[in-house]
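Below: the structure, in structure tokens.
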């Protein structure tokens, strides 16, 4: 397994859930110095970074960009795939396509978290779900020839009322049968929604391509009550070799949060 950390440029919206919010070079240098293997980039679109410069920084600091996250797309005017408004859906799709273009450049995946949108309260579930699936199908088709995987992230019920558990993600994405649509669990959300984090990882090991690590309190792993030694042992048993990325609150400070995550997880991953 490889170890990642979530970062965003200074210009990122407040909704970007990251540890480092700084100029990209500063954040990538810190990630390298702390022993991370890669950085997850939280972006709204390509205008937030200088693409060639970031590519050079990846080489300079020997870092991957395994994932480009899309939380800011939803935060900007609630753009989402399930919206009853076609213009809103089309704008959300257009934003995700720009992230897919970046992902092709960096060899990244693109996450679909809250940007999938909610189930609308005054209509049958299937209508909202179908709008989401139609939008997801469009971006998956766009991503496929570029070699980009779309990773759907289950989010807890207090943040969204649609796809809260990994089994729900699997059930929904299975309706499309797109091989480049996979699942990316987050241990913080799993602690709220799953009856067993470990069993979920084992049951859906063939569909999980990326994982967010955060403790029960959304702080760095080791600062809450989740059993990360057991979780990592289960992932090893499942044959998982992808990224586990710290998407955590930057407390007590961003640097200390990142360092705690790196130090704790590196001892478990080796």
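Numbering (my numbering), first residue to last: 1 to 270.
Ideal Cβ placement from N, Cα and C applies to all residues, glycine included.
Keep in mind it's a predicted model, so treat the numbers as computed, not measured.
Cβ-Cβ distances below 6 angstroms link residue 171 to nothing in the same chain once the five nearest sequence neighbours on each side are left out. No residue range can be given for residue 247, since it is assigned to no alpha helix (DSSP H) and is classified by DSSP as neither H nor E. Along the length of the region 27-112, whole alpha helix (DSSP H) runs at least 4 residues long occupy 51-61, 71-75, 86-106, reported in chain order.
For the 8 angstroms CB-CB criterion, residue 150 and residue 183 do not form a contact.
At a cut-off of 4 residues, the continuous stretches assigned as alpha helix (DSSP H) that sit fully inside the region 190-220 are 197-203.
Between residue 13 and residue 92 a beta carbon distance of about 15 angstroms is seen, past the 8 angstroms cut, so the two are scored as non-contacting. Per the C-alpha coordinates, the member of 62, 31, 197 positioned closest to residue 228 is 197. For residue 129, same chain residues with a beta-carbon under 8 angstroms away, outside a window of 5 residues either side, are 82, 119, 162, 172 in chain order. The beta carbons of residue 200 and residue 148 sit no closer together than 8 angstroms. Within the model, the alpha-carbon separation for residue 104 versus residue 67 is close to 11 angstroms. In this structure, residue 113 keeps its C-beta atom at 8 angstroms or more from the C-beta atom of residue 132. Non-local beta-carbon contacts of residue 246 in its own chain, meaning distances under 6 angstroms to residues more than five positions away in sequence, involve 5, 213, 261 in chain order.
Counting every other CB atom within 10 Å of its CB across the protein chains shown gives residue 174 a total below 16, marking it as exposed.
Per DSSP, residue 138 lies in no beta strand (DSSP E) segment; the continuous alpha helix (DSSP H) that holds it begins and ends at 125-143. Spatial neighbours of residue 269 in its own chain (CB-CB distance under 8 angstroms, excluding positions within 5 residues in sequence) are listed in chain order as 1, 3, 232, 244.
Judged by beta-carbon spacing, residue 181 lies beyond the 8 angstroms limit of residue 142, meaning their Cβ atoms are not closer than that value. Under DSSP, residue 165 shares a beta bridge with no residue. Taking 8 angstroms as the cut-off, the beta carbon of residue 224 is found no closer than this to the beta carbon of residue 230.
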